[in-house]
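Working notes for the structure below.
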Amino acid sequence: MGATGLAKAMARIEGRYGAHALARGAAAERHRGELVLATDSSLDAVTEGGLAAGEPLAFVGPASVGKVSLALRVAAAAQRTGGMVAWIDPSASFDPVAAARAGVECERLVVVRARSAADAALATSATLRSEGFRLTVVDTGPSFAGIGIDDLASVLPSVRGSPAALLIVGEERGRRVAIPTCTFERVSWERRFERTVGWTFEVGRFGGPWGQRPLDARALFAIPSLGAATHDLGTRGELAAMAVS
Amino acid sequence: MSGPVTLAAFARDAAAQLHERLLGLLHGALPRVGVLAPGAFACDLAGTDRLLGAPPVVARRILARCERAGMHVSIGIAPVPFVARALAERTPPGELRAVSDGRTYLEPLSLDALPLDEKVLGELELLGLRTIGDFAALPRGAVFERFGSAVARAHALARGEYGDLVRADAPPRRILVRRVWDDAIASREQLVFALRGAVDEVEAMLAADGVAALRLDLRLVRDGEPPLRIERTILPPARESAALLRSLRWALEERDDLGQITGCALGVVEVEPARGRQIGLFAADGARWEEAIATARYLRAKLGAGVVLRPRIADADARLPERAAEWAEVTR
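Okay, here's the thing in structure tokens:
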């Protein structure tokens, strides 16, 4: 009776809080250092070294600011470690040419054009539970697409213990779920010959120990023209040091 | 090279001692080695490009080692083990041959090269079929209907399609754990939790033998129904209970017919030498590929066609964005 009762109790906990809510003491947990997706850019300073397997992260900011550009960089970093990437794309806005330009290998990419929030949650959960992926990106698309970060609340427990990292790209932070978030803000427009050709944006860590947003946790990137690769300008701290010297 | 690549090594008239030496040499050089027959081995090279080099480079290195050890071996490289073995068997000792299209290579070969009964071979000859190409041209459904699943498998081999996994070794001792539960378990989550104890025990046995599980066999005893058997390939091979349990959970999630479970028998039917984290290096590129594709297929089954896709750049400089890329269903 003891074992069955315990099994039932644990199943209730897992049913309520997720499949990975419980772990035995002897279970082999993945260490953060075991798999970190470092982009070799200033983004790593913002994300404390890079995205780690088994951890979620959100890129939040207004439309067309550069969230997907950096998400593609992370995808390329995941593929450089030899893994495959799942890109959940409910708004069917994934651009293969931009991905290839960012260094993503289409051969090792699976794009899921989920038709509803439920489908997106199912696909996210499946790819996180699979051993086959290193990164799952959910691009919720524009806010009017009807899918938000809150719709993915049910899959968040699946992240822990997963060999993949979860990156959610959206315009607004979740109201019900709190996950580590990088905020994107446009800093300035790039103008040439009286025409706007690109822009500069800042990525910072929202909340947590980065609440004060120190200079080293704020990175600047530039998109010099439409279709061009994102330029890494460095962290605010690095730029300040350069300005002083 | 992405996708499956198999290197088959073949030594003619291999005595037991030569077989052991060659097996040891291959185990020392390659991550996944399977035994096809005495003196015939299939090695899975998927995902080893970056670490070991291109398959022909690996093959030449193996040939050189064999020469130094006084073994005369021929090597074939092909997408699937069957074609690689057929190629190796028809290559002179000390040489290597590679093909990228298995079906084209097999077409002119005699039907004897396929694993078929004498009776079936006779029937096929009566039908006027002489070569593997003739046989491969038959409709798949008709072959299955007329001859059954075993011949249908040979038909798939003839088409160079059957990418059967490289079979690894049986464990040095029987690894089997049984559990019986007083109350029948009806919930999947409950079952996964109940399996944890058995999986932990399997992990301890694997660790004691210094091996990692490649294939698990789970037999679920059901109340009022016949037992349910689930076979699971673990890629990359693992011995950590978390990885084994995750794989079983995944298999159970695909089943809607679990019923009332009253007991289980969890066994390990194939193992590989445990190589610590190095196995992850090999797994990174290729072995996980199969798991990812299996996930994509699962999602396609759940979400329907036209949802799980892979892009391909058709013309990056195309003026119209819709012409720049093509989309295809993820099948492999």
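These protein sequence lines map, in sequence, to chains G and B. Going by numbering that gives the first Met the number 0, the residue at position 88 of the first sequence is 87; the numbering climbs one at a time, nothing skipped. Going by numbering that gives the first Met the number 0, the residue at position 129 of the second sequence is 128; the numbering climbs one at a time, nothing skipped. Heads up, the beta-carbon is just placed ideally off N, CA and C, and yes, glycines get one too.
With fewer than 16 other beta carbons inside 10 angstroms of its own, residue 118/B counts as exposed. Contact annotation: in the stretch 171-182 of chain B, residues whose CB is within less than 8 Å of a CB in chain G are 180, 181, 182. If only complete runs of 4 or more residues are kept, the stretch 228-258 of chain B shows the alpha helix (DSSP H) at 240-252, in order along the chain.
For residue 222/G, the beta-bridge partners assigned by DSSP are 198/G. Taking C-beta atoms as the reference points, residue 146/G and residue 116/G count as a pair closer than 8 Å. Under the three-state reduction of DSSP, residue 57/G is assigned to strand. The C-beta of residue 114/B has fewer than 16 other C-beta atoms within 10 Å across all chains shown, which makes the residue exposed. With a cut-off of 8 Å on Cβ pairs, the stretch 39-46 of chain B is in contact with the stretch 21-29 of chain B, counting three or more such pairs. With 16 or more other CB atoms across the displayed protein chains lying within 10 angstroms of its CB, residue 54/G is buried. Within the same chain, 41, 44, 214, 215, 217, 218 come within 7 Å of residue 234/G by CB-CB distance, once the 5 residues on both sides are set aside. Counting only runs of at least 3 residues, the stretch 146-206 of chain G fully encloses the following beta strand (DSSP E) elements, listed from N- to C-terminal order: 164-169, 180-191, 194-205. Contact of residue 128/G with chain B by beta-carbon distance below 9 Å involves 245, 248, 249, 252, 294. Taking the C-beta atoms as reference points, residue 75/B is found nearer than 8 Å to residue 86/B.
Using a C-beta cut-off of 8 Å, the stretch 190-210 of chain B makes no contact with the stretch 301-309 of chain B, since fewer than three inter-stretch Cβ pairs fall below that distance. Remark: C-beta atoms of residue 113/G and residue 122/G approach each other more closely than 8 Å. Close to residue 70/G, with beta-carbon spacing below 9 Å, lies no residue of chain B; the smallest spacing is near 15 Å. The Cβ-Cβ distance between residue 168/G and residue 136/G falls below 8 Å. The continuous stretches of beta strand (DSSP E) do not include residue 207/B, which lies in the alpha helix (DSSP H) extending over residues 187-208. For residue 131/G, the closest Cβ of chain B is nearer than 8 Å.
Counting only Cβ-Cβ distances below 7 Å, residue 105/G has contacts in chain B at 309, 310, 311, 312, in chain order.
Pairing residue 159/G with residue 204/G, the inter-Cα distance amounts to about 21 Å. Not a single CB atom of chain B sits nearer than 8 Å to the CB of residue 89/G. Restricted to the stretch 87-132 of chain B, the beta strand (DSSP E) segments that are unbroken, complete and at least 3 residues in length are 95-97, listed in chain order. Note on residue 16/B: under 16 other CB atoms within 10 angstroms of its CB, so exposed under the neighbour-count rule. For residue 11/B, the three-state secondary structure derived from DSSP is coil.
Residue state for residue 4/B is assigned as coil, using DSSP reduced to three classes. Under the three-state reduction of DSSP, residue 70/B is assigned to coil, being neither helix nor strand.
Between residue 127/G and residue 165/G, the beta carbon gap of about 6 Å places them in contact (Cβ cut-off 8 Å). About 28 Å separates the beta carbons of residue 57/G and residue 195/G, which is beyond the 8 Å limit, so they are not a contact pair. Going by beta carbons, residue 261/B and residue 179/B fall inside the 8 Å limit.
Looking from the CA of residue 56/B, the closest CA among 78/B, 89/B, 70/B, 96/B belongs to 96/B.
Partner residues in the beta bridge of residue 215/B, as assigned by DSSP, are 231/B, 267/B.
Against chain G, the CB of residue 99/B has no partner CB under 8 Å away; the residue lies outside that interface.
A residue is called buried when at least 16 other Cβ atoms come within 10 angstroms of its Cβ; residue 267/B meets this threshold and is buried. The residues 326, in chain order, have a CB closer than 6 Å to that of residue 308/B in the same chain once the five nearest residues on each side in sequence are set aside.
For residue 189/B, at least one C-beta of chain G is nearer than 8 Å to its own C-beta.
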